[in-house]
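By the numbering used here, the letter at position 61 of the sequence shown is numbered 719, and the numbering carries on one by one without gaps.
We put the CB at the ideal spot given by N, CA and C, even for glycine.
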Amino acid sequence: MRWVEDLIADKPVDAPALIDHDGTRLSYGALRAAVIDGTQALRALGVQPGDRVVVVAENSALMAVAFLAVAGLRAWCVPVNAR
């Protein structure tokens with residue numbers, strides 16, 4: 659989806675993008691790389707636009723990366739909190 663690209667593009671690479679409750683920090687550069695890696699992994703698994711992808715994780719930077727990677731493929735992220 660274009661909004662995913664717009665959200666993380668053209669931002670200073672070292673600027674903070676995410677800080678979760680545990681203090682995990684991701685810069686825009688790290689976020690961009692993680693989303694690209696996630697998108698490629700999901701694509702390799704056969705995820706296509708319109709598919710539903712269940713993501714089981716606690717509220718964290720990882721959940722945000724997974725959501726953006728799924729959305730980047732125009733698939734539906736179905737988040738399930740692991741707690």
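What span of residues does the beta strand (DSSP E) with ALA673 cover, start to end? The residue given as residue 673 occupies position 15 in the sequence shown. Run containing ALA673: none; DSSP gives neither H nor E here.
Expected contact under 8 Å - CB spacing of VAL711 and ALA733 to nearest Å: Counting from 1 along the sequence shown, the entry for residue 711 is found at position 53. Counting from 1 along the sequence shown, the entry for residue 733 is found at position 75. Going by Cβ atoms, the distance from VAL711 to ALA733 rounds to 5 Å, so yes, they are a contact pair.
Of the choices ALA724, VAL662, PRO737, LEU720, whose alpha-carbon is the least far from that of HIS679? The residue you call residue 679 lines up with position 21 of the sequence shown. Out of ALA724, VAL662, PRO737, LEU720, LEU720 has the C-alpha closest to the C-alpha of HIS679.
Residues bridged to ARG744 (per DSSP): Here the chain comprises residues numbered 659 to 741, so residue 744 is not present and cannot be evaluated.
Just how far apart, CA to CA, sit GLN698 and PRO707? For the purposes of this step, residue 698 is taken as residue 40 along the sequence shown, with counting starting at 1. For the purposes of this step, residue 707 is taken as residue 49 along the sequence shown, with counting starting at 1. Distance between the alpha carbons of GLN698 and PRO707: 14 Å.
Tell me the rounded alpha-carbon separation between ALA729 and VAL662. Position 71 of the sequence shown, counted from the first residue, corresponds to residue 729. Position 4 of the sequence shown, counted from the first residue, corresponds to residue 662. Using only the alpha carbons, I get a separation of about 7 Å.
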